[in-house]
Every structure is written in structure tokens, then in C-alpha cells.
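Step one of this worksheet: look at the structure below.
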């Protein structure tokens with residue numbers, strides 16, 4: 001079974017630009033979550049989608065947004081990029097929303113903002 | 001979210017068992033204990049999780065104390081490839097369901113020859 005796939009693997013953008021990251025969950029998984037990882041803040045929850053609806057959101061500004069499609073694939077968008085947005089962005093999928101369903105992570109997209 | 005406390009780092013000889021402790025004294029009755037590990041530049045890898053009973057899978061064993069205030073992840077025969085940061089997480093249920101994981105700083109396990 002294929003794991004969580006994130007594209008692209010690496011991305012370099014300029015301050016002020018916007019970026020879209022893509023995530024394909026494990027087949028059959030309906031929940032997709034996004035996390036940001038930086039050396040200073042560690043892993044932080046961005047948001048979670050289930051059945052095309054955002055279910056939960058972390059403490060990030062409105063520049064960070066996402067969506068989920070009917071096939072459970074998800075995208076996240078960051079507008080007006082800032083230098084501090086440089087991070088590893090991780091997507092995770094799970095079968096369901098309950099606490100007994102493990103999250104499985106992809107290997108992330110490394111975003112560098114210059 | 002229930003807070004977890006883990007040692008910053010641990011060393012283990014290859015072939016020996018690695019026992020990684022975690023304290024979660026404020027855990028609630030319906031909160032699961034999850035373990036993940038992260039090798040540099042990769043996403044966190046799910047290892048195992050449990051609620052009350054001890055659990056075992058092909059990767060590891062999870063021992064949860066009877067009062068559920070602490071747990072131990074056991075890698076029975078550590079190899080060099082087990083060198084990673086190990087995260088112990090208490091997973092809190094969110095209103096309407098949800099999968100938010102709160103990661104701490106984890107334990108850097110170094111497996112050496």
C-alpha cells in the first residue's frame with residue numbers, strides 16, 4: 001500500500017509570493033492533517049480536513065489555508081510568504097477522526113523563502 | 001493537552017533493547033498514548049499506540065503503567081537504523097472528533113556499535 005505522498009519535495013520561493021503544496025493520503029484514508037516543522041517551534045498543527053470539511057485549525061494566521069477534494073487529496077496554500085514560513089510542511093492521513101486511528105505522515109515539502 | 005516528559009537523549013548499544021521512558025501524569029482516562037519517531041529530513045513514523053493494555057507489534061512494545069501516568073517504549077533489538085528522535089504523545093480528542101497531535105521535543109536515541 002502506498003504511503004502518504006507529498007509534492008513537491010523541495011520548493012524555493014521569494015518573500016511575498018504564494019505557494020501551494022499537495023498531499024495524497026493513503027488509499028482509503030479520509031482524514032488529512034497538516035503540520036509545520038521548524039527548528040525553533042518543532043512540529044505544530046496547522047489544520048485538519050475530513051470529508052472535504054475543515055474540522056480543526058491550529059494557531060496560524062489566515063495566510064495559511066487548505067482544502068480537501070472529494071478523493072481525499074488535500075492542498076495547502078500559503079499566501080504572501082514571509083521568511084519565517086521557511087519550514088518542513090508535513091501532511092498526515094488517517095482512516096477516521098477517532099483517537100484510535102493512527103496518523104501516518106508523508107516525508108514533507110521543504111519550503112525555503114528567500 | 002496532556003503534557004509528556006521524556007529524557008532529552010539516550011544511548012543504546014546495537015543489538016540491545018532500547019527502553020524509552022515517558023511520563024504523562026495528567027493523562028485522562030480516554031486519552032491514548034502514541035509513539036512516533038523521526039529520522040532526519042523524513043516525516044514522523046508511526047510506531048505504536050495504546051490506551052490501557054500493553055501493546056506489541058512488529059516494531060516495538062509499549063508498556064503502560066497501571067495508573068497510566070507513564071509508559072515505556074521498548075525496541076527489543078536496536079539497530080543503527082533505529083537512531084532517531086522518538087516522540088511520546090498523549091492524543092487528545094477534539095470536539096467533533098479530530099487528530100491533533102501535540103509534539104514535544106522528544107528523545108534523541110543514538111544506537112552505537
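Chains as they are written, first to last, in my numbering: chain U, 1 to 114; chain X, 1 to 113.
Positions of the beta carbon are idealized from the N, C-alpha and C atoms, including for glycine.
Touching by the beta-carbon criterion (3+ pairs, under 8 Å), the segment 13-32 of chain U and the segment 3-20 of chain X: No: fewer than three Cβ pairs fall under 8 Å.
Tell me which residues share the same chain as residue 83 of chain X and place their Cβ nearer than 8 Å to its Cβ, disregarding the 5 neighbours each side in the sequence. So the qualifying residues of the chain are 39, 109, 110, 111.
Does the Cβ-Cβ distance between residue 93 of chain X and residue 101 of chain U come in under 8 Å? It is not a contact, given that the beta carbons lie outside the stated cut-off.
Just verifying my parser: in three-state terms, what is the DSSP assignment at residue 84 of chain U? Residue state for residue 84 of chain U is assigned as helix, using DSSP reduced to three classes.
Within 10 Å of its beta-carbon, does residue 103 of chain X have 16 or more other beta-carbons around it, so buried, or fewer, so exposed? It counts as buried.
Along chain U, which residues have their Cβ under 7 Å away from the Cβ of residue 44 of chain X? Under a criterion of Cβ atoms nearer than 7 Å, the residues of chain U adjacent to residue 44 of chain X are, in order, 105.
Could you check what DSSP says for residue 80 of chain X in three-state terms: helix, strand or coil? Three-state DSSP puts residue 80 of chain X in a helix.
Counting only Cβ-Cβ distances shorter than 9 Å, please list the residues of the segment 45-75 of chain U near chain X, keeping chain order. Residues of the segment 45-75 of chain U whose Cβ lies closer than 9 Å to any Cβ of chain X, in chain order: 45, 48, 50, 55, 56, 58.
Tell me the DSSP secondary structure of residue 114 of chain U in three-state form. The three-state secondary structure of residue 114 of chain U, taken from DSSP, is coil.
When you compare the CB of residue 86 of chain X with every CB in chain U, is at least one pair closer than 8 Å? It does not: the Cβ of residue 86 of chain X has no partner Cβ on chain U nearer than 8 Å.
Under 7 Å Cβ-Cβ, which residues of chain X neighbour residue 90 of chain U? Within 7 Å Cβ-Cβ: 43.
Tell me, to the nearest whole angstrom, how far the beta carbon of residue 47 of chain X is from that of residue 32 of chain X; I am working on the premise that it is less than 8 Å. In fact, because the Cβ distance is near 13 Å, the residues do not count as touching under 8 Å.
Can you tell me the Cα-Cα spacing of residue 7 of chain U and residue 42 of chain X, whole angstroms? Going from the Cα of residue 7 of chain U to the Cα of residue 42 of chain X covers about 14 Å.
Terminal residues of the beta strand (DSSP E) in which residue 47 of chain U lies: From DSSP, the beta strand (DSSP E) with residue 47 of chain U extends over 42-50.
Quick check: is the beta carbon of residue 151 of chain U nearer than 8 Å to any beta carbon in chain X? Missing from the structure shown is residue 151 of chain U; chain U here goes from 1 to 114 and no further.
When you compare the CB of residue 113 of chain X with every CB in chain A, is at least one pair closer than 8 Å? Absent here is chain A; the protein component of the structure consists of chains U and X.
Using 8 Å as the limit for Cβ to Cβ distance, is residue 101 of chain X near chain U? Residue 101 of chain X counts as touching chain U.
Strictly below 7 Å CB to CB, what residues from chain X border residue 27 of chain U? Neighbours of residue 27 of chain U across chain X, judged by C-beta separation under 7 Å, do not exist; the nearest C-beta is about 16 Å away.
Kindly list the residues whose CB is nearer than 7 Å to the CB of residue 87 of chain U, restricted to its own chain and excluding five residues on each side of it in sequence; keep chain order. Here the set comprises 36, 37, 38, 111.
Counting only beta-carbon separations shorter than 8 Å, does residue 105 of chain X have a partner in chain U? The Cβ of residue 105 of chain X sits closer than 8 Å to at least one Cβ of chain U.
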